[in-house]
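The structure appears right after this line, and notes come after that.
Number of protein chains: 2
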Amino acid sequence: MMQPLPGFRDFLPEPLPFPDSWSADLRRHIFESWRASARRYGFREYDGPPLEPLELFTLKSGEEIVRQLFNFRDKGDRDVSLRPEMTPTLARLVATVERHYRKPIKWFAIPQLFRYEKHQKGRLREHFQFNADIFGEADPAADAELVALLIDSLRGLGLTADDFVIRLSSRRAWQGFQERLGVDAARAYDFYQAVDKLDREKEAVTDAKFREFGTSLDAVRQFIAAAEPTAELRRVLDDLASRGMSEFVRIDYGIIRGLAYYTGVVFEAFDRKGEFRAIAGGGRYDQLVKLVSGGKVDLPGLGFGMGDVVLTELLKSRGLLPALGGVLDDYVIIEDETLRGAALAIVQRLRSGGRRVDFSLTAMKGDKQFKRALELGASRTIRVERGADGKTVLKVRDLVTRAEHEVSPEVVV
Amino acid sequence: MMQPLPGFRDFLPEPLPFPDSWSADLRRHIFESWRASARRYGFREYDGPPLEPLELFTLKSGEEIVRQLFNFRDKGDRDVSLRPEMTPTLARLVATVERHYRKPIKWFAIPQLFRYEKHQKGRLREHFQFNADIFGEADPAADAELVALLIDSLRGLGLTADDFVIRLSSRRAWQGFQERLGVDAARAYDFYQAVDKLDREKEAVTDAKFREFGTSLDAVRQFIAAAEPTAELRRVLDDLASRGMSEFVRIDYGIIRGLAYYTGVVFEAFDRKGEFRAIAGGGRYDQLVKLVSGGKVDLPGLGFGMGDVVLTELLKSRGLLPALGGVLDDYVIIEDETLRGAALAIVQRLRSGGRRVDFSLTAMKGDKQFKRALELGASRTIRVERGADGKTVLKVRDLVTRAEHEVSPEVVV
């Protein structure tokens, strides 16, 4: 039997057929929670195409990214790619339309993203990502607003300060460190890469790298341990303190973010126990719109992305998956098939009133219909019967209290 | 400046910057309406990958479909394609998991679909499609339930019987016609193609085609005009009549649906004025799951698809686009910057209570902040001030009545 491509997920309605199935109902729950959080912060929704010109992605991240892309040549001889991240599309969009929107622009999206990662167990090639970005505000108040949204997006799903922490860092702090060492600005990205891999490479390898830049692993570690906040980070911390959010953040210069385009505050969210990869990450990228617009539009920007996969693992491990049954309000029971026409009218009446209603499409024993109502998590059954006077009557049963009462079809709601 | 690929859309927040922009807010409105209708009918949401093995699509529709696909060879040498329709993915899914779900399975999805159409003005290469399908029920009651959902999905968006009609037809009716002519079953699909193109080709060409099958354009037209409902269509009409939906449907054997896999009732929704292409279409495909599962699973199925593009054009032309402003509840005004910390606490308090709140991230004149609140469609402004006793007080103004009252920060909700 056919399978989805390796690394791609199907999403199924609950109850799930296999333990490793992905739930469409849970996905919906997460998306709705993200959306509600974004809206409470005044963010507006946007989207772009999942397929874009390849150049949009190589422009920002260089040719090396192509190895990780689902790219191809289309039937019009265009080099195209499925989007591996949302930020280039967003920068393109904002550069094109920004003059029509008041600043700051606060936008969010929930795109599906694609990377051709070498397939390892549990390693997916697509995921959904909550993206929230702010354009047109250089002040650290924007960084604080964005981090606050990230915190509240995680809290909105039931996570607390015991579950996660945002590690705040700053490219500017590292720029200061590099300037003191006299690191060539052109090599700054190599330096960041070395910091980014600090805990993943052998100490001797990392130390040798840092010695090329005129420093050492020890000196770098001391800088990280001191964690002296820059002026901008101090502003962010104060702002978050006013919101009562201090317990959710800490300075950690070990966070540097792998991508080249960050220019200021950067951050990542982690689970406190350190069981999972980063839950979310982002930062300030004040040059990106300028780059993508070929210098035409110069607008500071910042944003974060939060994927659905690590988040789902975390929610599962913390017992925060919601109960996702109860998709039905009423189940209409038809025992006398001569009443099917009357029953259809009642089904229609209830649905038109906004209720979620189901019924058996074909003749079925009454007790089987009742069982089906329970399986579907209905709140009520509505039994269609013929009364003593020959008129149709409805027996409405509350499936929680099991209490039953009779109503006429004209007034049922 | 960079553009999206030809035929691909960006979706922007309202107010839209250009007349031909696509609205993310309207898209959301349509999706939510579709979802609400599906749920009222007891349909559950699912999804599959936007990228699938190419074979999944050629299996059902033959190699000729490849010309219209965004297909390519991936980095693992797999022939893959962006999905041009949802039904093959759904049939794969249902064949794999159906034994874990009670029948009938009633599922819906809102996938984005992709076709490499020759680019004509206004012709898109992607669209979103509301898909609703039922599996495991061969009785025409299922066809009626599906058509009723289609009707209510359109009504849910404000359309009435004056705006649209569902044209019902049946492959079985046409099978009867072919049997009387002795058309070879293997050539049935060519016959359907000829009927499907009836009004788009020159009469002489069509007539010549029909003569190959031993009939004529006149005879075919007479059959269509007579529109004698089959037993199954009679059942569907009666069922819909019980639901009070007769005015939304009529028999029209001119509807045949282009795809090969339909086996029974087929239908399309059109605007009454005949201004647009079909709004939606679908039908019964009782052999498809068997085909996709290699004979392992035999389950009758039926479904429809409704795209977002024609629907949006129709809603626009009928004046049914909703007002999509008013994305904010409260705008917090800070005139005294020494009160910014207190204001942030109030912003947080309101957001935690579920309200959508915005404020100026940096110092700004009070009247400019008030103007911004109006632009964002806020319901209230909340001015943070220092009272006579030095304590913070809030001036809450209702932006509809313009009435203002004072509250203390501890009790604002």
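Sequences listed follow chains A and B, in order.
The numbering of the first sequence is this note's numbering, which starts it at 1 and goes up by one.
The numbering of the second sequence is this note's numbering, which starts it at 1001 and goes up by one.
Virtual Cβ for every residue (Gly too), placed ideally from N, Cα, C.
Residues near residue i in its chain [Cβ-Cβ closer than 6 Å; skip 5 each side]
i, result
"R235(A)", "P140"
"F223(A)", "F177"
"I957(B)", "No answer is possible for residue 957(B): the residues shown for chain B start at 1001 and end at 1413."
"N1071(B)", "L1054, S1081"
"Y1331(B)", "D1358, A1373, A1378, T1381"
Residue from the options with nearest C-alpha to residue i
i, options, result
"L1069(B)", "D1047(B), Y1192(B), E1117(B), L1324(B)", "E1117(B)"
"S33(A)", "V1066(B), P1084(B), G1354(B)", "G1354(B)"
"V1327(B)", "E14(A), P4(A), G42(A), L240(A)", "G42(A)"
"L157(A)", "G325(A), W22(A), L311(A)", "L311(A)"
"V396(A)", "L350(A), T263(A), E375(A)", "L350(A)"
"R1340(B)", "E64(A), V80(A), A241(A), D329(A)", "A241(A)"
"G1295(B)", "Q1003(B), T1096(B), A1208(B), L1181(B)", "T1096(B)"
"Y262(A)", "Y192(A), I65(A), R35(A)", "Y192(A)"
"G62(A)", "E45(A), Y189(A), L233(A)", "Y189(A)"
"S153(A)", "R402(A), M306(A), Q348(A), V183(A)", "M306(A)"
"A225(A)", "L59(A), G254(A), F31(A)", "G254(A)"
"P49(A)", "F1011(B), L1026(B), F1018(B), R1044(B)", "F1011(B)"
"L288(A)", "P19(A), D133(A), G76(A)", "D133(A)"
"L1400(B)", "T1381(B), E1228(B), A1161(B), K1273(B)", "In the sequence as displayed, the identity of residue 1400(B) is Val instead of Leu. Closest option to V1400(B), Cα to Cα, is T1381(B)."
"K273(A)", "V165(A), L59(A), R125(A)", "V165(A)"
"G301(A)", "P229(A), A142(A), K365(A)", "A142(A)"
"R125(A)", "R1092(B), K1075(B), Q1129(B), A1091(B)", "K1075(B)"
C-beta contact flag for residue i and residue j at 8 Å
i, j, result
"R1123(B)", "G1007(B)", "yes"
"L1299(B)", "V1094(B)", "yes"
"S170(A)", "V265(A)", "yes"
"T1089(B)", "L1056(B)", "yes"
"L361(A)", "A280(A)", "no"
"D1047(B)", "A109(A)", "no"
"E1375(B)", "R102(A)", "yes"
"P1409(B)", "I1334(B)", "no"
"D163(A)", "D252(A)", "no"
"H1127(B)", "V1309(B)", "yes"
"G282(A)", "F267(A)", "yes"
"S1317(B)", "E1275(B)", "yes"
"D199(A)", "I256(A)", "no"
"L51(A)", "L82(A)", "yes"
"F1359(B)", "A1343(B)", "yes"
"V1357(B)", "D1329(B)", "yes"
"L1168(B)", "L1233(B)", "yes"
"D1286(B)", "A1138(B)", "yes"
"P17(A)", "E1045(B)", "no"
"E145(A)", "L113(A)", "no"
"F1413(B)", "L1394(B)", "Checking the displayed sequence, the identity of residue 1413(B) turns out to be Val instead of Phe. No, the pair does not count as a contact, with Cβ atoms beyond the cut-off."
Cβ neighbours of residue i in the same chain (closer than 7 Å, five flanking residues each side left out)
i, result
"F210(A)", "A194, S216, L217, V220"
"A363(A)", "E337"
"L315(A)", "L157, L321"
"S37(A)", "L149, D152, S153, G156"
heavy atom of the ligand ADP below 7 Å from residue i C-beta
i, result
"S170(A)", "This structure simply doesn't include the ligand ADP, nor any ligand for that matter."
Residues near residue i by beta carbon distance below 8 Å, same chain, minus five either side
i, result
"G214(A)", "L181, G182, V183"
"A1278(B)", "E1268, A1269, F1270, V1310"
"S1246(B)", "L1237, L1240"
Using Cβ-Cβ distances below 9 Å, what residues of the region 123 to 135 of chain A are close to chain B?
-> Within the region 123 to 135 of chain A, the qualifying residues are R125, E126, I134.
Where are the beta strand (DSSP E) runs, 3 residues long or more, that stay fully inside the region 293 to 372 of chain A, in chain order?
-> Whole beta strand (DSSP E) segments, 3+ residues: 301 to 307, 330 to 334, 357 to 359.
According to a CB-to-CB cut-off of less than 7 Å, which residues of the region 1329 to 1345 of chain B neighbour chain A?
-> Listed in chain order, the positions of the region 1329 to 1345 of chain B with a beta carbon within less than 7 Å of a beta carbon of chain A are G1341, L1344, A1345.
Check distances from the C-beta atoms of the region 1221 to 1249 of chain B to those of chain A and list, in chain order, the residues that come in under 9 Å.
-> Listed by position along the chain: D1238, D1239, L1240, A1241, S1242, R1243, G1244, M1245.
For the region 134 to 150 of chain A, which residues have a CB atom closer than 7 Å to at least one CB atom of chain B, in sequence order?
-> Listed in chain order, the positions of the region 134 to 150 of chain A with a beta carbon within less than 7 Å of a beta carbon of chain B are E137, D139, A141, A142, E145.
Using a Cβ cut-off of 7 Å, which residues of the region 53 to 76 of chain A contact any Cβ in chain B, in chain order?
-> Those would be P53, L56, F70, F72, D74, K75, in chain order.
Mind listing, in chain order, the continuous alpha helix (DSSP H) runs of no fewer than 4 residues lying wholly within the region 1060 to 1125 of chain B?
-> Listed in chain order, they are 1087 to 1097.
Could you pull out every unbroken beta strand (DSSP E) segment of at least 3 residues lying fully inside the region 238 to 303 of chain A, listed in chain order?
-> List check, beta strand (DSSP E) in window: 249 to 251, 265 to 271, 280 to 284.
Chain A contacts made by the region 1356 to 1375 of chain B, where a contact means CB separation under 8 Å | If the cut-off is 8 Å between Cβ atoms, the region 1356 to 1375 of chain B has R1356, V1357, D1358, L1361, T1362, R1372, E1375 near chain A.
Along the region 1088 to 1103 of chain B, what residues have a CB closer than 7 Å to any CB found in chain A?
-> Flagged, chain order: R1092, L1093, A1095, T1096, V1097, H1100, R1102.
Can you list, in chain order, the residues of the region 1011 to 1023 of chain B whose Cβ is nearer than 7 Å to any Cβ on chain A?
-> Those residues of the region 1011 to 1023 of chain B that come within reach of chain A (Cβ to Cβ, closer than 7 Å) are F1011, L1012, P1013, P1017.
Short-range partners of chain B found in the region 309 to 327 of chain A, where Cβ spacing is below 8 Å = Here the close residues are V327.
Go through the region 1155 to 1213 of chain B residue by residue and report every complete run of the beta strand (DSSP E) that reaches 3 residues or more, in order.
-> Every beta strand (DSSP E) stretch that sits fully inside the region 1155 to 1213 of chain B and reaches 3 residues is listed by chain position as 1164 to 1170.
With 9 Å as the limit, tell me which residues of the region 1260 to 1291 of chain B have their beta carbon closer than that to any beta carbon of chain A; keep them in chain order.
-> Residues: none.
For the region 1382 to 1397 of chain B, which residues have a beta carbon sitting closer than 7 Å to at least one beta carbon of chain A?
-> Per Cβ criterion, the list is empty.
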